[in-house]
Amino acid sequence: MNRTVALWLAVGWLGYAILPWYAIEDGFWIFEWLLDGYPLDSDYAPGILQAFVDDKIWLAPISLFLLLPLGLFGRAKNDPLFANLLLISGVGGLAYVGLQGFSIGISGWEYATLEALFGALGQRQFGLGYGALLTCAAFLFFLTQGIAARGAINGDVFVVGSIGLVIALVGIFILFPVIQILLSALKDEAGLYAPNVFLSKLFDKKIWGLGCLGSNVSCGAAWNSLFLAVTVGAGTTTLGLAFALVVTRTGFRAKKLLRALTVLPIITPPFVIGLAIILLFGRSGSVTQFASDLFDIPAGRWIYGFPGVWFAQMLAFTPIAFLVLIGVVEGVSPSMEEAAQTLRANRWKTFTSISLPLMRPGLANAFLLGFIESMADFGNPLVLGGNFDVLSTEIFFAIVGAQNDQGRAAVLAIVLLGFTLSAFYAQRRWLGKKSYTTVTGKGDSGTHPYLPKRLSWLVYGTAVPWALLTIVIYAMIVFGGFVETWGRDHSLTLRHYISAFSVSSGEDGLLWTGSAWNSFGTTMVIAGVSAPLTAAIGLVTAYLLVRQRFAGKNAFEFGTMLSFAIPGTVIGVSYVLAFNIPPIELTGTGVILVICFIFRNMPVGVRAGIASMSQLDKSLDEASLTLGATSFMTVRKVILPLLRPAIVAALVYSFVRAITAISAVIFLVSANYDMATSYIIGRVENNDYGLAIAYSSVLILVMLAAISLVQLAVGERRIRRRSETGDGAMPTAGSTAA
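Here the sequence shown stands for residues 57 to 794, where the numbers follow the working numbering.
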């Protein structure tokens, strides 16, 4: 038997015969249950004992699907029976586990039809546990191994297995919960399907109204969201490109400081930026009062509404565009730019005809992410929106407000999803099928030329003022943690930090007496676990989308972006609806938070990976495979070292978003797993702004340290032999650098 198949067969039997089949709270191994006195017919026993000792006979057929691969002993891979047995075991095992899981729950039969057909069931079952997870993983491998043995994708087990794994994860943790809440859009208050109710909610004037064109009445939430998302997407892409060009194509001496400033807004809870903007530009804000006294301008409330929301989202989402674009700008081949200059093209012609067109994948992906982030954001509109209604806040109030209209929230989510999918389609059309490859297997000894002087001053004039404004915003945030009452009593104090993070000593040693330690520890663990998993799944998905061809590729890509297109509020509610009952019970655990963060943030890793991988010539893969390397070795030895900017982007973004996320977390935290953002929101609701800002400041410092460690651990991509000279000037073509 193939050794890999034998290994997964052992994993399957480990899950079925050793580990607990159902989700448990106390105990892990069966041996621990025996020592603690648990009987073999306990609900915590492995699946094989549940089936043959505890009369849960519906688990018995699973053993048959695990026995089928034993027939592979002595058979070669090219034997038709090899693939057929694996396919029967994989498809049959997965289908049967899913069927029995959805058919039988904690109260017996889940459907009246089954109870009428087979009679009342005297047993019940809980959510699937560790044993079921490993057994299903084995069945999934058998399925993908069988497909590969049939010759799919040249029989590459790694590629087929990766596609199968990502499809399974996306199906369970994205499509399944989203379908659960979207189906509620078709139901009335009694829970019955009512298409007329759906249509009346879909074409509501509050969604599509255009009264703002002829009067002072505000437009519908759909048009407000669309206009805001387009302007934010365009603005963040422009600013992100300006920052990337300043860092890579100019002699700006404070590049490291500029990099840090571009990352700061993404590591801050969004409502903190909103509060800082209010205290600066609100009616009683510092800047507003200064302008009023100096120029005799009446103080107004202009910051509430579209201007304030747009400004806050620009601050919050520009770093995403920068993280995506920095790798793309660096990845443009200097040799191509030098060749253009050799042919007597000036710097402006070289930039507009060579450099900028090769950056199109990054520009398209940066705009798409900015557009989707703006659509899904509800923290900034909640603080600064005023009468400017957007879809995300309308969804939030439909779910948690007095109306408690889950159907309306689902309808709004469908409208929002339509906009984001349209943007996704437009991006694909704009990129077309052109090639943007710039990194090949040949050595590249060139260095990027400087920008034209006029363009340099333009990017300086765009990036530097924004960076200075960012410094002012964060100075206000830091200042707010050291005063008694931000905006009123500015007496200096350490009271907020002491209240949140005090430590005392007792008979048992150090006591973490601060009120924030519990949520802080939980947040760090959840973020530390979810970040590498998010980056890994995202980059594997990007590799499959860029490097492989397979049926259903477009649907595959759509599924990976779906969770990013749906507001976090809807994701949180959909997870509660989908994973609160068998067969998958996760609510109230730390696992559901990790899973939510992985699949909510995975698209950033996917888009960053696609943008960077589009520049890598496929001949690199082909050369590695020709020399006898497997696809897995090629990815590990050749592709990943050239994707370091994308790896940093995925790790950094997923880590900080796991710490600063708000919308989905509100619905998924529990008493045992409280997150930093939910704790901070509680402080804000109690008007304890000083403690909230102090906690946010600590989180900012922790995330800055984590980002530095990630960049140090991953390192920089090296694709050329020459680098910048010691004085910061870039050598011209034909010169040498030590």
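Heads up, the beta-carbon is just placed ideally off N, CA and C, and yes, glycines get one too.
Quick check on the DSSP output: what are the complete alpha helix (DSSP H) runs of length 4 or more inside the stretch 294-348, in order along the chain? Entirely contained in the stretch 294-348, the alpha helix (DSSP H) runs reaching 4 residues are, in chain order, 311-319 and 326-337.
Determine the direct distance from the alpha carbon of Gly291 to that of Phe367, and round the result to whole angstroms. Here residue 367 is taken as the residue at index 311 of the sequence shown, counted from 1. Here residue 291 is taken as the residue at index 235 of the sequence shown, counted from 1. Answer to the nearest angstrom: the Cα atoms are 10 Å apart.
Glu540 in three-state terms, based on DSSP: By one-based count along the sequence shown, residue 540 stands at place 484. Residue state for Glu540 is assigned as strand, using DSSP reduced to three classes.
Check whether the Cβ atoms of Val380 and Arg663 sit closer than 8 Å, and answer yes or no. Taking the first residue of the sequence shown as position 1, residue 380 is located at position 324. Taking the first residue of the sequence shown as position 1, residue 663 is located at position 607. Yes, the Cβ-Cβ distance between Val380 and Arg663 is below 8 Å.
Just confirm the distance between the C-beta atoms of Val365 and Leu284, as a whole number of angstroms; I'd bet it's less than 8 Å. Within the sequence shown, numbered from 1, the residue matching residue 365 stands at position 309. Within the sequence shown, numbered from 1, the residue matching residue 284 stands at position 228. Taking C-beta atoms under 8 Å as the contact rule, Val365 and Leu284 qualify, at a distance of about 6 Å.
DSSP bridge partner residues for Asp111 (one or two, in chain order): The residue you call residue 111 lines up with position 55 of the sequence shown. According to DSSP, which records beta bridges pairwise, Asp111 is partnered with nothing at all.
In angstroms, rounded to a whole number, what distance separates the CA positions of Leu269 and Trp358? Locating residue 269 in the sequence shown gives position 213, where the first residue counts as 1. Locating residue 358 in the sequence shown gives position 302, where the first residue counts as 1. Rounded to whole angstroms, Leu269 to Trp358 spans 19 Å at the Cα level.
For Ser571, the three-state DSSP class (helix, strand or coil): Reading the sequence shown from its first residue, position 515 is the one you call residue 571. Coil at Ser571, not helix or strand.
Checking the sheet assignment: what are the DSSP bridge partners for Leu566? Taking the first residue of the sequence shown as position 1, residue 566 is located at position 510. Beta-bridge pairing by DSSP links Leu566 to Ser561.
Taking contact to mean 3 or more Cβ pairs, one atom from each stretch, closer than 8 Å, check whether the stretch 689-698 and the stretch 659-676 are in contact. yes
Could you tell me whether any non-hydrogen atom of the ligand MG is closer than 7 Å to the CB of Phe688? Annotation note on the ligand MG: not contained in the displayed structure, which lists no ligands.
Just how far apart, CA to CA, sit Gly536 and Val520? Mapped onto the sequence shown, residue 536 falls at position 480. Mapped onto the sequence shown, residue 520 falls at position 464. Taking the straight line joining both Cα atoms gives about 24 Å.
Hey, Phe195 and Leu150 are a contact pair by Cβ (cut 8 Å); roughly how many whole angstroms apart? Position 139 of the sequence shown, counted from the first residue, corresponds to residue 195. Position 94 of the sequence shown, counted from the first residue, corresponds to residue 150. Going by Cβ atoms, the distance from Phe195 to Leu150 rounds to 5 Å, so yes, they are a contact pair.
Return the bridge partner residues of Ile160 from the DSSP annotation. Stepping through the sequence shown from its first residue, residue 160 is reached at position 104. Note: Ile160 sits in a beta bridge opposite Trp165.
Rounded separation between Val216 and Leu550 - CA only: To locate residue 216, count along the sequence shown from 1; it is residue 160. To locate residue 550, count along the sequence shown from 1; it is residue 494. The straight-line gap from Cα to Cα measures roughly 57 Å.
Whole-angstrom C-beta distance between Glu393 and Ser411, which should lie under 8 Å: Start at 1 with the first residue of the sequence shown, and residue 411 comes out as number 355. Start at 1 with the first residue of the sequence shown, and residue 393 comes out as number 337. With a Cβ gap of about 6 Å, Ser411 and Glu393 count as contacting.
Of the residues Ala727, Asn421, Phe108 and Pro136, which one's Cα is nearest the Cα of Ser575? The sequence position of residue 575 within the sequence shown is 519, counting from 1. Here the closest residue by C-alpha is Ala727.
Closer than 6 Å by C-beta to Leu699: which residues in its own chain qualify, once you throw out the five before and the five after it? Chain order, please. Here residue 699 corresponds to residue number 643 of the sequence shown, with the count starting at 1. The answer, listed in chain order, is Ser668.
Looking only at its own chain, which residues have a Cβ that is under 8 Å from the Cβ of Ile582, when we skip the five neighbours before and after it? Along the sequence shown, read from residue 1 onward, the residue named residue 582 stands at position 526. Counting only Cβ-Cβ distances below 8 Å, and skipping sequence neighbours, we find Gly646, Leu649, Val650, Phe653, Ala714, Tyr729 and Met731.
In chain order, which alpha helix (DSSP H) runs of at least 4 residues are fully inside the stretch 411-451? 416-432 and 435-440
Can you give me the C-alpha to C-alpha distance between Leu424 and Pro390, rounded to a whole angstrom? The residue labelled residue 424 in the question sits at position 368 within the sequence shown. The residue labelled residue 390 in the question sits at position 334 within the sequence shown. Their Cα atoms are separated by approximately 27 Å.
Member of Leu755, Gln156, Glu741 and Asn610 whose CA lies at the smallest distance from the CA of Val534: Reading the sequence shown from its first residue, position 478 is the one you call residue 534. Out of Leu755, Gln156, Glu741 and Asn610, Leu755 has the C-alpha closest to the C-alpha of Val534.
Spatial neighbours of Ile104 within its chain, please: CB distance less than 7 Å, with the 5 preceding and 5 following residues excluded, ordered by chain position. As a working mapping, residue 104 is identified with position 48 in the sequence shown. Cβ neighbours of Ile104 beyond the five flanking positions: Tyr72, Ala73 and Ser119.
Need the endpoints of the beta strand (DSSP E) that Ser409 sits in, please. The residue labelled residue 409 in the question sits at position 353 within the sequence shown. That residue, Ser409, is in no beta strand (DSSP E); it is neither H nor E in DSSP.
Minimum C-alpha distance to Ala298 - residue among Lys262, Thr191, Gly418 and Ala278: Along the sequence shown, one-based indexing puts residue 298 at 242. The shortest Cα separation from Ala298 among Lys262, Thr191, Gly418 and Ala278 belongs to Gly418.
Answer with buried or exposed for His552, where buried requires no fewer than 16 other C-beta atoms within 10 angstroms of its C-beta. The count along the sequence shown starts at 1 and reaches residue 552 at position 496. With 16 or more other Cβ atoms within 10 Å, it is buried.
I'd like to know whether the C-beta atoms of Ala420 and Leu595 end up nearer to each other than 8 Å. As a first step, residue 420 must be located in the sequence shown, where it is residue number 364. As a first step, residue 595 must be located in the sequence shown, where it is residue number 539. No, the Cβ-Cβ distance between Ala420 and Leu595 is not below 8 Å.
Using three-state DSSP, classify Pro521 as helix, strand or coil. By one-based count along the sequence shown, residue 521 stands at place 465. If DSSP states are grouped into helix, strand and coil, Pro521 belongs with the helices.
Please name the residue in His546, Ala591, Pro697 and Val446 whose C-alpha comes closest to that of Leu282. As a working mapping, residue 282 is identified with position 226 in the sequence shown. In this structure, Val446 is the residue among His546, Ala591, Pro697 and Val446 with its C-alpha nearest to the C-alpha of Leu282.
Can you tell me which of Gly148, Pro623 and Gln462 puts its alpha carbon nearest to the alpha carbon of Phe434? On the sequence shown, position 378 is the one that residue 434 refers to. Of Gly148, Pro623 and Gln462, the residue nearest in Cα terms is Pro623.
Rounded straight-line distance, which links the Cα of Val585 to that of Leu757: Indexing the sequence shown from 1 puts residue 757 at position 701. Indexing the sequence shown from 1 puts residue 585 at position 529. About 19 Å.
In whole angstroms, what separates the C-alpha of Ala556 from that of Arg739? Here residue 556 corresponds to residue number 500 of the sequence shown, with the count starting at 1. Here residue 739 corresponds to residue number 683 of the sequence shown, with the count starting at 1. Spanning the two alpha carbons is a distance of roughly 11 Å.
On the three-state DSSP scale, how would you describe Tyr745? As a working note, residue 745 is residue 689 in the sequence shown. Reduced to three states, the DSSP call for Tyr745 is helix.
C-alpha gap between Pro321 and Ala372, whole angstroms: What you label residue 321 is simply residue 265 of the sequence shown in a count that begins at 1. What you label residue 372 is simply residue 316 of the sequence shown in a count that begins at 1. Going from the Cα of Pro321 to the Cα of Ala372 covers about 5 Å.
Roughly how many angstroms separate the alpha carbons of Thr200 and Arg59, rounded to a whole number? The residue labelled residue 200 in the question sits at position 144 within the sequence shown. The residue labelled residue 59 in the question sits at position 3 within the sequence shown. Taking the straight line joining both Cα atoms gives about 15 Å.
What are the partner residues of Lys243, as DSSP defines its beta bridges? Numbered from its first residue, the sequence shown carries residue 243 at position 187. Beta-bridge pairing links Lys243 to Tyr249.
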